[in-house]
Amino acid sequence: MVQIEPLEVSLEAGNQADSALLDDDGRPRRTGTFWTASAHIITAVIGSGVLSLPWATAQLGWVGGPAVMVVFGGVTYFTATLQAECYRTGDEETGARNYTYIGAVRAILGGANAKLCGIIQYANLVGTAVGYTIAASISMPGHQEGRAASTPNGHNVPCHISSTPYMLIFGAFEIVFSQIPDFHEIWWLSIVAAVMSFTYSGVGLGLGIAQTVADGGFRGTIAGVTNVTATQKAWRSLQALGNIAFAFAFSNVYTEIQDTIKAPPPSEAKVMKQASLLSIVATSVFYALCGWMGYAAFGNAAPDNLLTGFGFFEPFWLVDAANVAIAVHLIGAYQVYCQPVFAFVERKASRRWPDSGFVNSELRVWPFAISAFRLAWRSVFVCFTTVVAMALPFFGVIVGLLGAISFWPLTVYLPTEMYIAQRGVRRGSALWIGLRALAVAGFVVSAAATTGAVANFVGDFMKFRPFSG
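Each residue of the sequence shown is one higher than the one before, starting from 237 at the first, in our numbering.
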C-alpha cells in the first residue's frame with residue numbers, strides 16, 4: 237500500500253506508534269535475529285576480496301599465506317566480541333544504546349577518538365563502495381572475455397572489453413536499491429547476497445580442486461613468488477597483507493548491524509557474539525579453501541581475481557553463473573556498506589531542516605521509501621562512486637589499500653580501547669597488557685601493509701590513463 241508519511245531517518249527513525257511497538261529507547265521495535273545478523277555479517281565479510289586470496293597466498297607462500305589468514309580471522313573475531321560489548325554504555329541489557337560505530341566511540345572514548353573513527357570509517361565505506369563497483373564491472377563482462385580466450389588460440393590473443401558500460405549498469409541498479417531506507421529493511425537483500433557469496437566462492441573452490449586433481453598435485457612454493465625483484469617481492473607481500481585484512485573487515489558496519497537485533501533477553505551483545513562466531517568460522521573456512529586451493533591450482537601464477545583474471549575459462553555455464561552471483565552479491569554488499577553513510581547525511585539534514593517537506597516527507601512502497609532529498613542525495617552518491625571507479629579501476633590495489641588503512645583503527649585500536657574503558661580494565665593487568673600489545677602489533681601490520689599498497693597504487697596509476705577502462 238502506498239502512503240505518504242514523515243521521513244524515518246535511517247537507523248535513528250522514530251514514530252508515534254503504539255508503545256507496544258516501540259523499544260526501550262522509544263524507537264520502532266527491532267526485529268533482527270541471530271540469523272539476520274549472521275546474514276548481514278556474511279554479506280559484509282565475504283566480498284569479492286575472496287577471489288584475490290589465491291594471489292595473496294602466492295605472494296606469501298605456503299607458510300606465510302595460511303598463517304596470516306588464520307591470524308587475521310582470529311583477531312577479527314576477538315575484536316568483534318569486544319566491539320559487541322560496547323553497543324550499550326554500561327549494562328549490556330539496560331544501558332543506553334549506541335546506534336552507530338562513531339556513536340559508541342563518542343559515548344565511551346570521547347570526541348578526539350570519535351573524529352578519528354568518523355573520518356576513517358566513512359572514508360573506508362565510500363572506498364569500499366568504489367571497490368565493489370570496480371569488482372562488479374570486472375565480473376559482469378568476465379564471461380565474454382573468458383569465451384573469447386577459450387577459442388582456438390584465444391589464450392594468445394588479447395581480449396579486452398571496456399568495464400565502463402558495466403559500471404554504469406551497476407550504478408543504475410544501486411540508485412534503485414539505495415531507495416531502501418535503512419538496515420532494517422535490507423535484511424532480505426543481505427540474505428540473497430549471502431547465498432550468492434557462498435555460490436561464487438563454492439564455484440571457485442570447486443574449480444580449484446578440479447584443476448589441482450587434473451594437474452596431479454599441488455603447485456606453489458614455501459616462500460611464494462620468487463621471479464620478481466626483492467623490492468617487488470616486499471611491496472607485493474605487504475599488499476597481500478592488506479588484501480587479507482580487507483577480506484575479513486566488517487567492523488565499520490558492526491555496530492549498525494547490532495542495532496537491528498531485537499531487545500533482550502538475550503542481550504544484543506550475546507546474540508552478536510554468536511552471529512560473529514558463526515560468520516567468521518564459516519567465512520574463514522571458505523577463505524582458507526578458496527585461497528589455498530586457488531594457489532594449489534595455479535601456484536605462483538595465481539591471478540588477482542580467480543574467476544575473471546583468466547584463472548578459469550570453462551565450463552562456460554559454471555563460470556558464467558559464478559560471475560552473475562558475484563554481481564548480485566555486490567549489489568547487496570554495496571547497500572550494506574553504504575547505509576551508514578546514507579544514515580549520517582540524512583540524520584544531519586533532518587536535524588538541520590526538521591520542518592522541510594523536501595527532507596522529511598516520503599512515499600512508501602515496500603521495500604522502498606522515497607523522499608525528494610533521499611532520491612537526490614543517494615543518487616548523487618552512487619554517481620560519485622561510479623565516476624571514481626571509472627577513473628581508478630585497480631581492483632586488487634584498491635582492495636589492499638582499503639584493508640591496510642582501516643585494519644588498525646577500526647578493527648583493532650578502537651574496539652580494544654572501548655572495551656578497556658567500558659569494562660574498567662585495570663591498568664597494568666595481564667588483560668590490559670595483552671590488549672595494548674595487540675593494538676601495537678595491529679598498528680605495525682597496518683602501517684606496513686599501507687606502505688606496500690600505496691607503492692603498488694602509485695605504480696599502477698602511473699601506467700594507466702583515467703577513464704580508459
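The C-beta atom is built at its ideal place from N, Cα and C for all residues, glycine as well. For clarity, every value in this text was computed on a predicted model and none was experimentally measured.
message: Across the region 609-617 and the region 443-458, are there enough close Cβ pairs to call them in contact, namely three or more that are closer than 8 Å?
response: no
Y337 vs T496 beta-carbon contact at 8 Å: Position 101 of the sequence shown, counted from the start, is the residue given in the question as residue 337. Position 260 of the sequence shown, counted from the start, is the residue given in the question as residue 496. Contact flag unset, no.
query: Using the C-alpha atoms, what's the distance from V648 back to A683?
result: Position 447 of the sequence shown, counting from 1, holds the residue named residue 683. Position 412 of the sequence shown, counting from 1, holds the residue named residue 648. C-alpha separation (whole angstroms): 13 Å.
- prompt: In chain order, which continuous runs of the alpha helix (DSSP H) of length 4 or greater are located wholly inside the region 481-534?
  reply: 490-494, 504-534
8 Å Cβ cutoff met for I427 and A275: Locating residue 427 in the sequence shown gives position 191, counting from the first residue. Locating residue 275 in the sequence shown gives position 39, counting from the first residue. Going by C-beta atoms, I427 is nearer than 8 Å to A275.
- prompt: With C-beta atoms as the reference, is V595 less than 8 Å away from N692?
  reply: Locating residue 595 in the sequence shown gives position 359, counting from the first residue. Locating residue 692 in the sequence shown gives position 456, counting from the first residue. Contact: no.
- prompt: If we ignore side chains and look at the alpha-carbon of each, how far apart do G670 and A677 end up?
  reply: Mapped onto the sequence shown, residue 670 falls at position 434. Mapped onto the sequence shown, residue 677 falls at position 441. C-alpha separation (whole angstroms): 11 Å.
Coil, strand or helix - S597 by DSSP: Start at 1 with the first residue of the sequence shown, and residue 597 comes out as number 361. If DSSP states are grouped into helix, strand and coil, S597 belongs with the strands.
field: Proximity to T621 [Cα-Cα], best of R600, Y570, L667
entry: For this step, residue 621 is matched to residue 385 along the sequence shown. The residue with the shortest Cα to Cα distance from T621 is Y570.
- prompt: Where F546 and P539 are concerned, what is the direct C-alpha to C-alpha distance, given to the nearest angstrom?
  reply: As a working note, residue 546 is residue 310 in the sequence shown. As a working note, residue 539 is residue 303 in the sequence shown. The pLDDT assigned to F546 is 48, lower than 50, so where the model puts this residue is not dependable; a value taken from the coordinates is nonetheless given after this. Spanning the two alpha carbons is a distance of roughly 7 Å.
task: Sort out for me which residues DSSP pairs F552 with in a bridge.
output: One-based indexing of the sequence shown puts residue 552 at position 316. Beta-bridge pairing links F552 to no other residue.
- prompt: How long is the line joining the alpha carbons of W423 and T272, rounded to whole angstroms?
  reply: One-based indexing of the sequence shown puts residue 423 at position 187. One-based indexing of the sequence shown puts residue 272 at position 36. Their backbone Cα atoms lie some 6 Å apart in a straight line.
- request: Quick one: residues in its chain with C-beta nearer than 7 Å to the C-beta of V304, no 5 flanking neighbours on either side, listed in chain order?
  value: The residue you call residue 304 lines up with position 68 of the sequence shown. L296, L477, I480, listed in sequence order.
message: If I follow the unbroken alpha helix (DSSP H) through S682, where does it start and stop?
response: Along the sequence shown, one-based indexing puts residue 682 at 446. Where S682 is concerned, the enclosing alpha helix (DSSP H) stretches over 666-699.
message: Considering only the alpha carbon of each residue, which of F580, Q319, I282 lies closest to G568?
response: For this step, residue 568 is matched to residue 332 along the sequence shown. Closest option to G568, Cα to Cα, is I282.
- prompt: Going by other Cβ atoms of all chains shown within 10 Å of its Cβ, with 16 needed for buried, is S398 buried or exposed?
  reply: By 1-based counting over the sequence shown, the position of residue 398 is 162. Result: exposed.
task: Tell me R333's beta-bridge partners as DSSP assigns them.
output: One-based indexing of the sequence shown puts residue 333 at position 97. R324.
message: Counting beta carbon pairs with one atom in the region 571-582 and one in the region 352-369, are three or more of them shorter than 8 Å?
response: yes
query: Is I567 helix, strand or coil when you go by DSSP?
result: Numbered from its first residue, the sequence shown carries residue 567 at position 331. Residue state, collapsed to three classes: helix.
task: Going by DSSP, name the residue or residues bridged to F406.
output: Residue mapping note: residue 406 aligns to position 170 of the sequence shown, counting from 1. Beta-bridge pairing links F406 to no other residue.
query: CB V572 to CB T279, shorter than 8 Å?
result: The residue given as residue 572 occupies position 336 in the sequence shown. The residue given as residue 279 occupies position 43 in the sequence shown. Going by C-beta atoms, V572 is nearer than 8 Å to T279.
field: Beta carbon of K498 nearer than 8 Å to that of T269
entry: Indexing the sequence shown from 1 puts residue 498 at position 262. Indexing the sequence shown from 1 puts residue 269 at position 33. Closer than 8 Å, so yes.
field: Cutoff 6 Å; reference A340; Cβ partners in own chain excluding five residues on either side
entry: On the sequence shown, position 104 is the one that residue 340 refers to. For A340, where only same-chain residues beyond five positions count, the Cβ hits under 6 Å are C322, N334, T491.
query: Going by alpha carbons, who is nearest to Y655 out of D327, Q415, D418, A524?
result: The count along the sequence shown starts at 1 and reaches residue 655 at position 419. The residue with the shortest Cα to Cα distance from Y655 is D327.
- request: Give every residue of the same chain whose Cβ lies closer than 8 Å to the Cβ of V694, excluding the five residues on either side of it in the sequence, and list them in chain order.
  value: Within the sequence shown, residue 694 is the residue found at index 458, counting from 1. Result list for V694: empty, nothing under 8 Å.
Where F546 falls: helix, strand or coil (DSSP): Indexing the sequence shown from 1 puts residue 546 at position 310. Bear in mind that the predicted position of F546 carries a pLDDT of just 48, short of 50, making it too unreliable to give a figure here.
- prompt: In this structure, does DSSP put F194 in helix, strand or coil?
  reply: Absent from the model: residue 194. The displayed extent of the chain is 237 to 705, so no value can be given.
- request: Look up I606 in the DSSP assignment and give the residues it is bridged to.
  value: Taking the sequence shown and counting its residues from 1, one reaches residue 606 at position 370. In the DSSP output, where bridge partners are listed per residue, I606 has L599.
P539 - DSSP class collapsed to helix/strand/coil: Translated into positions along the sequence shown, residue 539 becomes position 303. P539 falls in the coil class under three-state DSSP.
- prompt: Using DSSP with H/G/I as helix, E/B as strand and the rest coil, what is L646?
  reply: Looking up residue 646 in the sequence shown gives position 410. Residue state, collapsed to three classes: helix.
task: Check the C-beta distance from F552 over to R455 and give it rounded, since I have them as a contact under 8 Å.
output: On the sequence shown, residue 552 is found 316 positions in, with the first residue counted as 1. On the sequence shown, residue 455 is found 219 positions in, with the first residue counted as 1. About 24 Å separates the two Cβ atoms, so there is no contact after all.
- prompt: Taking C-alpha atoms, which residue in T317, P302, L287, I370 lies nearest to L628?
  reply: Residue 628 sits at position 392 when you count from the first residue of the sequence shown. Minimum Cα distance to L628 is reached at I370.
Option nearest S642 by Cα separation, candidates I277, V564, F434, G363: Indexing the sequence shown from 1 puts residue 642 at position 406. Of I277, V564, F434, G363, the residue nearest in Cα terms is G363.
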